[in-house]
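Asker: Supplied in C-alpha cells, the structure appears directly below.
Numbering (my numbering), first residue to last: 2 to 152.
Here it is as C-alpha cells:
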C-alpha cells in the first residue's frame with residue numbers, strides 16, 4: 002500500500018472517490034462538481050488530501066484534513082472532514098492504515114489534536130475511531146446554523 006499527499010495530478014482518481022463518498026452521504030452523483038471542489042481545495046491550499054493506493058496501484062481510499070487553530074492551546078490542529086474506503090476494500094485494515102498515517106504526520110508536525118465527526122448511525126467508523134484512542138465528546142454540545150441548504 003502507498004499513501005500520497007494529493008496534488009493536481011491525482012484529481013481524476015480522487016474526484017471519483019470523492020463523488021462515491023458524497024453518494025454514500027446521499028448527495029447527488031456528480032463527478033464534475035466533485036472534481037471542481039477537490040481542485041479548488043488543492044489550488045487554494047484549503048485542505049490536505051491523502052490518497053491510499055493498494056498494492057496493484059489502484060486508488061481505494063482517501064482522507065481530507067482541514068487545518069485550524071486551537072485558541073486555548075495556541076496550537077494548530079486538523080479537522081478530519083472526510084474518510085472513505087471503497088466498498089470492495091473495506092474490512093481489510095485500510096481505514097486504520099490511513100488513520101495511522103495521518104495521525105503520525107500530524108503528530109510530527111506538532112498539531113495539538115485531530116478532531117472529527119461521524120454520523121450517529123455509522124457505528125463501524127465509531128468503533129474504528131474508539132479503537133484508535135479517540136475520545137467520544139461528552140463535554141461540549143455542538144450547534145450548527147445551516148446558512149445554505151444547497152447540495
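Using N, Cα and C, we set each Cβ at its ideal position, and we do this for glycine too.
1. Does the beta-carbon distance from residue 78 to residue 28 come in below 8 Å?
2. Cutting at 7 Å between CB atoms, please list the residues of its own chain near residue 6, excluding the five before and the five after it.
3. Pick out whichever of 10, 144, 22, 101 has its Cα sitting closest to the Cα of residue 82.
4. Alpha helix (DSSP H) containing residue 86: first to last residue?
5. Would you mind stating whether residue 67 and residue 47 have Cβ atoms separated by less than 8 Å?
6. Please report whether the beta-carbon of residue 66 lies at a distance below 8 Å from any beta-carbon of chain C.
7. What residues in its chain sit with their C-beta under 6 Å from that of residue 14, if we drop five residues either side in the sequence?
8. Going by DSSP, what residues sit across from residue 8 in a beta bridge?
9. When you compare the CB positions of residue 84 and residue 53, do they come within less than 8 Å of one another, or not?
10. For residue 96, which residues of its own chain have a beta-carbon under 7 Å away from its beta-carbon, when the five flanking residues on both sides are left out?
Answerer: On the basis of the data shown:
1. no
2. 49, 51
3. 22
4. Element bounds for residue 86: not the alpha helix (DSSP H) but the beta strand (DSSP E), 76 to 86.
5. yes
6. Included in the structure is just one protein chain, with no chain C present.
7. 60
8. Paired residues: none, contrary to the question.
9. no
10. 62, 84, 86, 129
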